[in-house]
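To start, the structure itself, in structure tokens.
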Amino acid sequence: MNKPQIIYNFLERIKPYVNAGTLQPYECLAIGLEVEPDSENYDRLRIQLANNIYDLVDFMRADQPSNEYSWQQDLIDLISYTSFDVHNFYSTARSLYPDIQSHIYSQIRIWELINNKSLTLNINDINDIKNNTLNLILSILDNKSLDDSVRSFIVKKLRKIVEALDYYHIFGNDGLLEILEESIGHTFTNQKYEDFMRSEKSQDWKMYLGGLALGLGITDSIFSIGSTIQGLLP
138 MNKPQIIYNF LERIKPYVNA GTLQPYECLA IGLEVEPDSE NYDRLRIQLA NNIYDLVDFM
198 RADQPSNEYS WQQDLIDLIS YTSFDVHNFY STARSLYPDI QSHIYSQIRI WELINNKSLT
258 LNINDINDIK NNTLNLILSI LDNKSLDDSV RSFIVKKLRK IVEALDYYHI FGNDGLLEIL
318 EESIGHTFTN QKYEDFMRSE KSQDWKMYLG GLALGLGITD SIFSIGSTIQ GLLP
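Pasting the structure below:
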């Protein structure tokens with residue numbers, strides 16, 4: 138049971154209703170839990186989700202004890218909500234997007250790896266990443282607001298990723314991992330790229346890097362990547 142995946146899926150299911158803010162809290166939670174509000178399983182599933190949240194934070198603290206985890210209480214408060222104060226409920230819920238949800242997403246593959254479920258990309262994964270890569274190349278090329286050196290660096294890395302995917306059956310994750318490490322490490326050697334990574338303009342690129350990191354079924358290097366990329370993801 139992948140607990141960060143369960144929590145992420147819950148947040149994803151309630152997201153459109155959090156944005157709309159029109160349902161009563163118990164109705165919104167029921168949608169996230171995939172039950173009817175009057176179901177006999179409603180409270181049991183809330184308790185189970187709360188336990189998953191505690192377990193996830195314990196899991197993350199074991200690797201990164203100095204990080205700040207106040208969002209844990211926000212999540213617990215959200216699923217424990219019994220009041221009809223709609224404003225406070227949705228205010229708490231909206232504070233979880235996009236940063237906390239993205240952070241939880243970043244733990245999904247790490248959880249699998251810790252539990253000895255290391256994965257490699259299948260043909261569908263490869264095709265999906267390739268399509269996303271080609272689309273991002275076009276987007277970066279069309280974005281004239283980016284510094285030329287930043288655009289050039291990103292496009293070169295994206296084209297190398299396409300090439301690495303074409304030869305994935307030979308080199309596996311190694312080629313992709315090398316590109317990922319270069320893309321993150323460049324933040325600390327190039328000021329313009331660092332400024333870009335800290336700006337709102339980099340959201341698509343950061344999400345792409347995060348998704349690529351999570352898609353790799355690697356063992357040792359994922360932990361240093363996860364720690365490094367944490368401060369860069371949206």
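Add 137 to a position in the sequence shown, counting from 1, and you land on the number used in our numbering. Here a beta-carbon is modelled for each residue, glycine too, at the ideal position from N, C-alpha and C.
| Query | Result |
| --- | --- |
| Limits of the alpha helix (DSSP H) - the one that HIS240 falls within | 236 to 242 |
| Residue from THR159, MET138, THR229 with nearest C-alpha to LEU148 | THR229 |
| Per-residue DSSP class, three states only, for ASN268 | helix |
| Cβ-based burial, VAL299 [other Cβ within 10 Å; buried from 16] | exposed |
| Outcome for GLN244 when other beta-carbon atoms lying within 10 angstroms are tallied against a minimum of 16 | buried |
| Residue interval of the alpha helix (DSSP H) (run including PRO202) | Unbroken run through PRO202: none, as it is neither H nor E. |
| Pairwise C-alpha distance: SER217 and TYR234 | 18 angstroms |
| Coarse secondary structure for GLN340, derived from DSSP in three states | helix |
| Nearest candidate by alpha-carbon position, reference PRO162, set SER176, LEU215, GLU171 | LEU215 |
| CA nearest to the CA of GLU318, picked from LYS267, LEU346, ILE237 | LEU346 |
| Local Cβ density within 10 Å of MET138, reported as buried at 16 or more and exposed below that | exposed |
| GLU177: first and last residue of the uninterrupted alpha helix (DSSP H) it sits in | No alpha helix (DSSP H) contains GLU177, which DSSP labels as neither H nor E. |
| Euclidean distance between Cα positions of ASP175 and ILE316 | 50 angstroms |
| Counted within 10 angstroms of its Cβ, other Cβ atoms place LYS281 as buried (16 or more) or exposed | exposed |
| Buried or exposed by the 16-neighbour rule on C-beta atoms within 10 Å, applied to HIS224 | exposed |
| Cut-off 7 angstroms between Cβ atoms - residues of its own chain near LYS152, not counting five sequence neighbours on either side | TYR234 |
| Span of the alpha helix (DSSP H) around TYR154 | 140 to 157 |
| Whether CYS165 touches VAL155 by CB criterion (8 angstroms) | yes |
| Backbone secondary structure at ASP357 - three-state DSSP | Because the pLDDT of ASP357 is 38, which lies under 50, any placement of that residue in the model is unreliable, and the number read from its coordinates should be weighed accordingly. Three-state result, ASP357: coil. |
| Terminal residues of the alpha helix (DSSP H) in which SER286 lies | 285 to 303 |
| Of the listed residues ARG183, ASP200, LEU193, ASP222, nearest to GLN209 (C-alpha basis) | LEU193 |
| Cβ neighbour criterion (16 or more within 10 Å) applied to HIS240 | buried |
| Exposure label - LYS293; buried when at least 16 CB within 10 Å | exposed |
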